[in-house]
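Take a look at the structure below.
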Amino acid sequence: MLIGICGGICAGKHSVQDYLIEHHAFKPLRLQRTSSTPSVEKSASEANVPGLGEDASALSFPSPEALLDFVTKHWQEHFVTTSIYDEHTVEIFANRPLFILVHVDAPISVRWQRFKNRCAAAALTPPTLEQFVLRNDEHLYSPSSGLASIASRAQIKLLNNTTSLPSLHASLTTLNLPDPSRLRPTWDHYFMTLASLAARRSNCMRRQVGCVLVREKRVMATGYNGTPRNITNCNEGGCPRCNSGQAGGTSLTNCLCIHAEENALLEAGRERVGPGAVLYCNTCPCLTCTIKIIQVGITEVVYSRSYYMDVDAAKLLQQAGVKLRQFSPPKEGLVNLCDEEPKAVTNGHA
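Right under this line is the structure:
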């Protein structure tokens, strides 16, 4: 596994890297920097601020290709780098399925305070907030680096408002960045992703639900909710109940939409379901679908999101001997590492 960490100055890149090194035995790697030190990393007098550069003990490489070749040859080990200097580097690293890109950010006022602390520790005069903002914009939005656009490619985006290293480490431990399923999804993650993809085909005005029916890790059928075949789509006015704006759970007998689970079961049929079949659904089944799931002989139901009749469905499935469990994949996207209001810190995150 190779974790690349990018983000603005003093967002916390090196703190995240240090955590991975100390707690998960990651080995640091760095690229030799060919360009000059950006002004955002310098004091008001343009002096380099200590503690902002790469770890001198990290193994150094002349190019992204050389670093990637090394990691590929040692693919069973874990590596981390903060040497994400431009979009080209990300393009090279992304050629391997062992790469994860993490973006770290923090409010610019917090990052400026951290930078001021770094300058003070080195007896250097820090730039003003206005100077820091202008330098930061120049650094992130330079056409030559494309650093700002790199954030959109990150699998995980960390908002680092933490005020201490122990707090940061506790949040990162909960997040579990080295989870191997981030590289290769588990079967649960794989089938639930397919169910979520199927849900996007839904034409129901109420909610998008997708379902995948599996036996022996092979997909037997998929389904999504919407009006029956040859009937006007729900989102085109085909179901009066769904388009009426009534509260959830009301006038269900007037609903013309077939549920995702029903569509999958109809597609497969009882004879094809057989023993050991597992139903994956991005939303917990309703009672109507639950009784049909039981009737066709489903062994296990795995869902992602809750529904208002979860308790009743769970009781019914338990009585019938059908296992029910909720699947929660590793957190991705934007993750707030601290719910506290941002405030000045006493220790800098590089």
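1 is the number of the first residue of the sequence shown in full-length UniProt numbering; add one for each residue after it.
Built from N, CA and C at the ideal position, the CB exists for glycine as well.
Residue i - DSSP class collapsed to helix/strand/coil
| i | result |
| --- | --- |
| Val-296 | helix |
| Asp-312 | helix |
| Tyr-280 | strand |
| Leu-324 | strand |
| Phe-26 | coil |
| Thr-163 | coil |
| Arg-184 | coil |
| Leu-20 | helix |
| Ile-150 | helix |
| Ile-231 | coil |
| Arg-114 | helix |
| Thr-37 | coil |
| Ile-84 | coil |
| Cys-289 | helix |
| Arg-96 | coil |
| Ala-195 | helix |
| Asp-179 | coil |
| Asp-69 | helix |
| His-349 | Low per-residue confidence applies at His-349: pLDDT is 44, beneath 50, and the placement is therefore not dependable enough to give any value. |
| Ser-145 | coil |
| Ala-120 | helix |
| Thr-125 | coil |
| Gln-76 | coil |
| Ala-11 | coil |
| Arg-272 | helix |
| Glu-340 | Because the pLDDT of Glu-340 is 45, which lies under 50, any placement of that residue in the model is unreliable, and the question is left without a value. |
| Pro-330 | coil |
Residue range of the unbroken alpha helix (DSSP H) whose run includes residue i
| i | result |
| --- | --- |
| Leu-140 | 129-140 |
| Thr-89 | 87-93 |
| Asn-263 | 260-268 |
Identity of the residue in the options nearest residue i by Cα
| i | options | result |
| --- | --- | --- |
| Val-214 | His-24, Val-90, Leu-124 and Ala-277 | Ala-277 |
| Gln-113 | Ala-320, Leu-129, Lys-331 and Asp-105 | Leu-129 |
| residue 351 | His-103, Arg-325, Asn-225 and Asp-69 | This structure leaves residue 351 out entirely; the chain is present only between 1 and 350. |
| Val-273 | Thr-283, Phe-26 and Glu-261 | Glu-261 |
| Arg-229 | Asn-243, Cys-242 and Asn-263 | Asn-263 |
| Glu-65 | Thr-162, Val-90, Val-80 and Pro-329 | Val-90 |
| Val-322 | Thr-299, Pro-180, Lys-331 and Leu-20 | Thr-299 |
| Leu-317 | Asn-235, Ile-294 and Thr-81 | Ile-294 |
| His-88 | Arg-111, Asp-105, Val-80 and Ser-149 | Ser-149 |
| Lys-157 | Asp-105, His-14 and Lys-217 | Asp-105 |
| Gly-7 | Thr-186, Ala-268, Leu-101 and Glu-332 | Leu-101 |
| Ser-15 | Arg-206, Asn-161 and Arg-325 | Asn-161 |
| Glu-138 | Val-302, Leu-334, Val-296 and Ser-39 | Ser-39 |
| Asp-55 | Asp-310, Trp-75 and Pro-28 | Pro-28 |
| Ile-21 | Thr-186, Tyr-141, Val-80 and Leu-165 | Val-80 |
| Cys-34 | Val-301, His-169, Ile-5 and Ser-83 | The question names Cys, but residue 34 in the sequence shown is Thr. When each option's Cα is compared against that of Thr-34, the closest is Ser-83. |
| Glu-41 | Gln-131, Trp-75 and Phe-99 | Gln-131 |
| Leu-266 | Pro-275, Pro-126 and Cys-289 | Cys-289 |
| Pro-127 | Leu-140, Cys-242 and Arg-111 | Arg-111 |
| Gly-4 | Phe-70, Leu-134 and Ala-154 | Ala-154 |
Bridge-paired residues (DSSP) for residue i
| i | result |
| --- | --- |
| Ile-5 | Val-102 |
| Tyr-224 | Gly-210 |
| Arg-305 | Thr-283 |
| Asn-48 | Lys-42 |
| Ser-60 | Arg-30 |
| Leu-158 | Val-104 and Val-335 |
| Val-219 | Val-214 |
Same chain, Cβ closer than 6 Å to residue i, neighbours up to 5 away in sequence not counted
| i | result |
| --- | --- |
| Met-192 | Tyr-280, Ser-304 and Phe-327 |
| Gln-32 | Ser-60 and Pro-62 |
| His-24 | Pro-178 |
Proximal residues to residue i (C-beta, below 7 Å), its chain only, five neighbours per side dropped
| i | result |
| --- | --- |
| Ser-145 | Tyr-85 and Asp-86 |
| Pro-143 | none |
| His-189 | Ser-181 and Pro-329 |
| Ala-350 | Low local confidence applies: a pLDDT of 43 at Ala-350 is under 50, so the model's placement there is unreliable, and no value is given. |
| Ala-344 | Residue placement at Ala-344 cannot be trusted, given a pLDDT of 35 that sits under 50; the coordinates are not used to answer. |
Boundaries of the beta strand (DSSP E) in which residue i is found, first to last residue
| i | result |
| --- | --- |
| Asn-203 | Segment: none, Asn-203 is in no beta strand (DSSP E) and carries neither H nor E. |
| Thr-81 | 79-81 |
Sequence-distant residues of the same chain with beta carbon closer than 8 Å to residue i, five excluded per side
| i | result |
| --- | --- |
| Asn-233 | Asn-203, Gly-226 and Thr-227 |
| Gly-348 | Reliability of the predicted coordinates at Gly-348 is poor, the pLDDT of 41 falling under 50, and no value is obtained from them. |
| Glu-46 | Ser-39 |
| Ser-57 | Pro-28 |
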